[in-house]
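Counting from 127, one number per residue, gives the positions in the sequence shown under this note's numbering.
We put the CB at the ideal spot given by N, CA and C, even for glycine.
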Amino acid sequence: MRLKAAIFVGVTSLLVIGSAVAWQKPFREYPGVEYENFPLPPDYQEKTEWVFARLMYPALPTYGFRGNPDWKHGAANWTVDYPRSDRHLSEAVRRLTRVHVRSVEQPVDLDDGDDVFNYPWLYAVEVGYWNLTPEQVVKFREYLLRGGFFMCDDFHGTQEWRGFTATMNKVFPDRQIVDIPNDDPIFHVLYDLSSRYQVPGAQFLYSHRVYEYDGYEPKWRGIYDDNGRLMAAICHNMDLGDSWEWADVPAYPEKYSSLGIKIATNYIVYSMTH
127 MRLKAAIFVG
137 VTSLLVIGSA
147 VAWQKPFREY
157 PGVEYENFPL
167 PPDYQEKTEW
177 VFARLMYPAL
187 PTYGFRGNPD
197 WKHGAANWTV
207 DYPRSDRHLS
217 EAVRRLTRVH
227 VRSVEQPVDL
237 DDGDDVFNYP
247 WLYAVEVGYW
257 NLTPEQVVKF
267 REYLLRGGFF
277 MCDDFHGTQE
287 WRGFTATMNK
297 VFPDRQIVDI
307 PNDDPIFHVL
317 YDLSSRYQVP
327 GAQFLYSHRV
337 YEYDGYEPKW
347 RGIYDDNGRL
357 MAAICHNMDL
367 GDSWEWADVP
377 AYPEKYSSLG
387 IKIATNYIVY
397 SMTH
């Protein structure tokens, strides 16, 4: 019976993965605020079981690219570090795990029907300035409650925290944002991350500061569902995206890229096993 059960689970998993791949939208890319016409790897069209899904979103009308009203066509907040950091992390996860990873990312728009439900892991940057519409808030909440996992990163200090929570509290007005305890499985599912430290962005190369604004202390926070599953992993006062993006630049310290990649890899494995 155990053998039959194992075969059933294996076949079912393959069917689920195959169904998700079949319904995913084709690869697409947009101009970023830092990169445009970034070279495509030769295997970018390969069908895989996991894809780096980057959340597209409208931003608050503040200044510069952050207020770009044409966010659906790139060069907006959500494209910071894109696509270089996405592809570097995808390559790292390929090397460090047995997860079948696509070499290129996928920008995901909550307005695209049910497409977001094809991705177990969703990532966003600059969330101190995000501004989801009421319809996107509903879809995002459903995605998380149905088993999706959200990781956000690269926002700093008191002001950007207020901007983040202004939208996140609309998504979950009934759930608290809490510090993730050190014994949570997400810090141990692959790498033991009991000892963590602040990971700075590329600004460290000229400022020699590991913090930005008044974000002096790194915060690993989250939101849990009713079963104790972490739905949202909130990386505040750090820039893991830069640690992936600059991992191939000798001037950027290896210890920051190493920790940034380990954190993301743990989060990815957790999202696929919890």
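>> Considering Cα atoms alone, identify which of Tyr-396, His-362, Arg-221 and Gly-158 is closest to Asp-310.
In response: For Asp-310, the closest C-alpha among the options Tyr-396, His-362, Arg-221 and Gly-158 is that of Tyr-396.
>> Taking the beta strand (DSSP E) that Pro-233 belongs to, which residues open and close that run?
In response: Element bounds for Pro-233: 232-235.
>> So, at 6 Å on beta carbons, what are the nonlocal neighbours of Gly-341 in its own chain, with the 5 sequence-adjacent residues on each side left out?
In response: Contacts found: His-282, Gly-283 and Asn-363.
> Ser-369: which of Ala-358, Asp-238 and Ile-387 sits nearest, CA to CA?
Replying inline: Of the residues Ala-358, Asp-238 and Ile-387, the one whose Cα lies closest to the Cα of Ser-369 is Ile-387.
>> Can you tell me whether Ser-139 is helix, strand or coil according to DSSP?
In response: Reliability of the predicted coordinates at Ser-139 is poor, the pLDDT of 42 falling under 50, and the value obtained from them is presented with this limitation in mind. The answer is helix: DSSP assigns Ser-139 an H, G or I state.
> When DSSP labels each residue in this structure, what does Ile-303 get in the three-state scheme?
Replying inline: Reduced to three states, the DSSP call for Ile-303 is coil.
> What is the rounded straight-line gap between the Cα of Ala-250 and the Cα of Met-398?
Replying inline: Spanning the two alpha carbons is a distance of roughly 18 Å.
>> Just to check my reading of the structure: Asp-238 and Lys-198 have Cβ atoms closer than 8 Å, yes? What is that Cβ distance to the nearest angstrom?
In response: The Cβ separation is near 10 Å, so there is no contact.
>> Can you confirm whether the stretch 224-232 touches the stretch 172-179 when touching is taken to mean that 3 or more C-beta pairs between the two stretches lie within less than 8 Å?
In response: Segment contact: the stretch 172-179 against the stretch 224-232, three or more CB-CB distances shorter than 8 Å; contact assigned.
> Can you give the Cα-Cα distance for Trp-287 and Gly-254, rounded to whole angstroms?
Replying inline: Trp-287 and Gly-254: Cα-Cα distance of roughly 6 Å.
> According to the neighbour-count rule (16 or more other Cβ atoms, all chains shown, within 10 Å of its Cβ), is Ala-185 buried or exposed?
Replying inline: That one is buried.
>> So, with DSSP's three-state summary, where would you put Met-398?
In response: Look at Met-398 here: in three-state DSSP terms it is helix.
> In the structure shown, what three-state DSSP assignment does Lys-345 receive?
Replying inline: Strand at Lys-345.
>> Between the alpha carbons of Lys-151 and Leu-181, how many angstroms are there, rounded?
In response: C-alpha separation (whole angstroms): 14 Å.
> Secondary structure at Asp-351, three-state DSSP: helix, strand or coil?
Replying inline: Here Asp-351 sits in coil by DSSP.
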